[in-house]
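Scroll down for the structure; my scribbles are underneath it.
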Amino acid sequence: MTTNLILASGSPRRKLLLEQLAIIFEIEPPDVDESVVIGEAPEVYVTRLSEKKAQTIARKHNGEAVILAADTTVVLHGKILGKPESKKHGLRMLNELSGTRHDVLTGVSICNGQKTETFCVKTEVTFRQLGKKEIAWYWETGEPHDKAGSYGLQGAGGAFVATLRGSYSNVIGLPLSETVLMLRNFSIE
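The numbers in my numbering rise by one with no breaks, and the one at position 54 of the sequence shown is 59.
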């Protein structure tokens with residue numbers, strides 16, 4: 006069965022979130038460089054990447070599909086915390102997040118052959134104070150290895166969150182409420 010919606014992402018979490026909406030879609034992960042441009046603001050970074058991902062896949066389909074792409078990052082004191090590059094890097098990020106408030110930003114882009122619409126959603130998350138042993142234990146679960154900021158809200162990392170202000174699904178990787186509203190602009194119900 007063919008569909009006119011393509012999720013430009015290899016994220017299993019975005020796939021699960023979109024499946025909750027009972028929308029028929031295909032998955033086609035884009036191959037894009039996710040490096041931060043020197044001096045780039047976090048909001049600019051996530052929206053630039055979401056647009057780049059969406060447009061990369063859109064070019065392959067010559068405007069014959071609606072493309073949905075997103076990019077999520079964790080921001081602490083204005084610094085982008087991407088996916089951990091190593092165990093040491095992941096443990097350092099978790100230690101930095103311990104007992105602090107940080108932002109989770111997701112840039113979302115939807116495009117077809119004629120137009121691209123992009124937005125950014127911010128959720129404020131506060132971690133309780135974490136002990137060294139639980140940080141080490143959490144790393145060993147494997148859960149933080151492929152996640153921005155080295156944690157997953159939907160898993161064991163949710164136990165670290167003291168407060169959350171904003172979209173829960175945004176922290177997982179796709180702000181559902183805002184995404185549904187924008188998909189309607191592209192005739193996806």
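Built from N, CA and C at the ideal position, the CB exists for glycine as well.
Those residues which DSSP pairs with residue i across a bridge
| i | result |
| --- | --- |
| residue 76 | 112 |
| residue 65 | Paired residues: none, contrary to the question. |
| residue 127 | 110 |
Neighbour-count burial assignment, residue i, 16 or more Cβ in a 10 Å radius
| i | result |
| --- | --- |
| residue 182 | exposed |
| residue 7 | Model confidence at residue 7 stands at a pLDDT of 41, short of 50, so the residue's coordinates are unreliable and nothing is read from them. |
| residue 45 | exposed |
| residue 175 | buried |
| residue 157 | buried |
| residue 77 | buried |
| residue 144 | buried |
| residue 56 | buried |
| residue 178 | buried |
| residue 42 | exposed |
| residue 186 | exposed |
| residue 18 | buried |
Among the options, nearest to residue i - alpha-carbon criterion
| i | options | result |
| --- | --- | --- |
| residue 72 | 164, 101, 157 and 23 | 23 |
| residue 39 | 105, 26 and 53 | 53 |
| residue 119 | 106, 67, 21 and 47 | 67 |
| residue 136 | 97, 15 and 87 | 97 |
| residue 107 | 18, 51 and 132 | 132 |
| residue 50 | 162, 21 and 113 | 113 |
| residue 90 | 83, 103, 150 and 35 | 150 |
Nearest-angstrom Cβ-Cβ length linking residue i and residue j, presumed shorter than 8 Å
| i | j | result |
| --- | --- | --- |
| residue 32 | residue 10 | Going by Cβ atoms, the distance from residue 32 to residue 10 rounds to 10 Å, so no, they are not a contact pair. |
| residue 140 | residue 100 | 6 Å |
| residue 125 | residue 111 | 7 Å |
| residue 14 | residue 74 | 6 Å |
| residue 12 | residue 20 | 7 Å |
Same chain, Cβ closer than 8 Å to residue i, five either side skipped, listed in chain order
| i | result |
| --- | --- |
| residue 173 | 128 and 158 |
| residue 117 | 63, 68, 70, 71, 72 and 191 |
| residue 36 | 61 |
Close beta carbons around residue i, own chain, < 6 Å, minus the five adjacent residues each side
| i | result |
| --- | --- |
| residue 115 | 73, 122, 187 and 191 |
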